[in-house]
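See structure below.
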Amino acid sequence: MKGPDFLMAHPAGEHRPERFTIGDTGFSFGDRERPPAALDAWMDGHGIPAGARNVLERHPQFKDIVGLIGVPEQARAARAPSSEWVLAGSACGLVSIAVRDARNTTPTQLADDAELAIAAAKRYGAVNVVIFVQASNDGDAKRGREALQRAFATNIPESNRLFSVAQAEFPVWLASLLEKA
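In this text, residue positions in the sequence shown follow UniProt numbering: the first is 1, and each later residue adds one.
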């Protein structure tokens, strides 16, 4: 018997209706017809998306990174979570990752994400912390970079590249991810 490589946790009693209404229009989409959300690739149960894996594996400490557990954090009205925490394993040990949808992110939310990821790193013995802002277009990627810059008082000039900052007693890595279609 082979179990899944990646465990996706969902809140107890979570209700997933077959169809959901788009605003007050009366129109509805089934799950397969709805537009994709920025975090869909993180939430599909397959672990760390390829784009994020490519960004991480450019650094030796993240070689062979594999997602182990994913936990959605806050959910918006449209059923899509706005953030997720992932515990991952890499060549150098465990990694605590917080990823947030770039569309409406704020520096305060990113600081909270860092606090959560650092607390989880301490709890599970992770050796690195990564904070990602996931964007689905150039405008969202720019907003995500600006929010990261304000939250961590650093310069992040481009998407899809890791930048490190001094935060607590953990190496904290930041990136604005842009999945190009």
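C-beta: ideal position from N, C-alpha, C; glycine also.
Close-in-space but distant-in-sequence residues of the same chain around residue i (CB under 6 angstroms, 5 per side omitted)
{"i": "alanine 117", "result": "Ser96, Ala98 and Val129"}
{"i": "alanine 141", "result": "Ala135, Ser159, Ser176 and Leu178"}
{"i": "alanine 151", "result": "Pro107, Leu110 and Ala111"}
{"i": "glycine 89", "result": "Val66 and Leu68"}
Straight-line gap, residue i to residue j (C-alpha atoms, nearest Å)
{"i": "threonine 21", "j": "leucine 56", "result": "Any reading at threonine 21 needs caution, since the residue's pLDDT is 48, under 50, leaving its predicted position unreliable; the model's value is listed next. Whole-angstrom Cα-Cα distance: 37 angstroms."}
{"i": "alanine 153", "j": "tryptophan 173", "result": "13 angstroms"}
{"i": "serine 83", "j": "arginine 53", "result": "18 angstroms"}
{"i": "proline 157", "j": "arginine 143", "result": "12 angstroms"}
{"i": "tryptophan 42", "j": "isoleucine 48", "result": "6 angstroms"}
{"i": "glutamine 61", "j": "glycine 139", "result": "30 angstroms"}
{"i": "glutamate 169", "j": "alanine 147", "result": "22 angstroms"}
{"i": "asparagine 155", "j": "isoleucine 131", "result": "15 angstroms"}
{"i": "tryptophan 85", "j": "arginine 58", "result": "21 angstroms"}
{"i": "arginine 123", "j": "glutamate 73", "result": "18 angstroms"}
CA nearest to the CA of residue i, picked from the options
{"i": "cysteine 92", "options": "Asn54, Gly125 and Asp112", "result": "Gly125"}
{"i": "alanine 121", "options": "Ser164, Ala102, Arg143 and Pro171", "result": "Pro171"}
{"i": "arginine 145", "options": "Asn104, Glu115 and His59", "result": "Asn104"}
{"i": "valine 165", "options": "Ala114, Gly67, Pro72 and Asp64", "result": "Ala114"}
{"i": "leucine 39", "options": "Asp101, Leu148 and Arg58", "result": "Asp101"}
{"i": "glycine 67", "options": "Leu94, Glu73 and Arg58", "result": "Leu94"}
{"i": "valine 133", "options": "Leu162, Val127 and His46", "result": "Leu162"}
{"i": "histidine 46", "options": "Arg123, Val71 and Ile131", "result": "Val71"}
Status (buried if at least 16 other CB within 10 Å, exposed otherwise) for residue i
{"i": "alanine 50", "result": "exposed"}
{"i": "alanine 119", "result": "exposed"}
{"i": "glutamate 14", "result": "Low per-residue confidence applies at glutamate 14: pLDDT is 49, beneath 50, and the placement is therefore not dependable, though the value from the model is reported in the following sentence. Glutamate 14 is exposed by the Cβ-count criterion."}
Own chain residues within Cβ distance below 7 angstroms of residue i, not counting five before or after
{"i": "lysine 63", "result": "Glu57, Ser90 and Ala91"}
{"i": "valine 127", "result": "Cys92, Gly93 and Leu94"}
Contacting residues, own chain, Cβ-Cβ under 8 angstroms from residue i (five flanking each side not counted)
{"i": "asparagine 137", "result": "Leu178"}
Q: May I have a chain-ordered list of the beta strand (DSSP E) segments no shorter than 3 residues that lie completely inside the stretch 62–136?
A: 66–72, 83–90, 93–101 and 128–135
Q) Where are the beta strand (DSSP E) runs, 3 residues long or more, that stay fully inside the stretch 145–172, in chain order? A) 163–167
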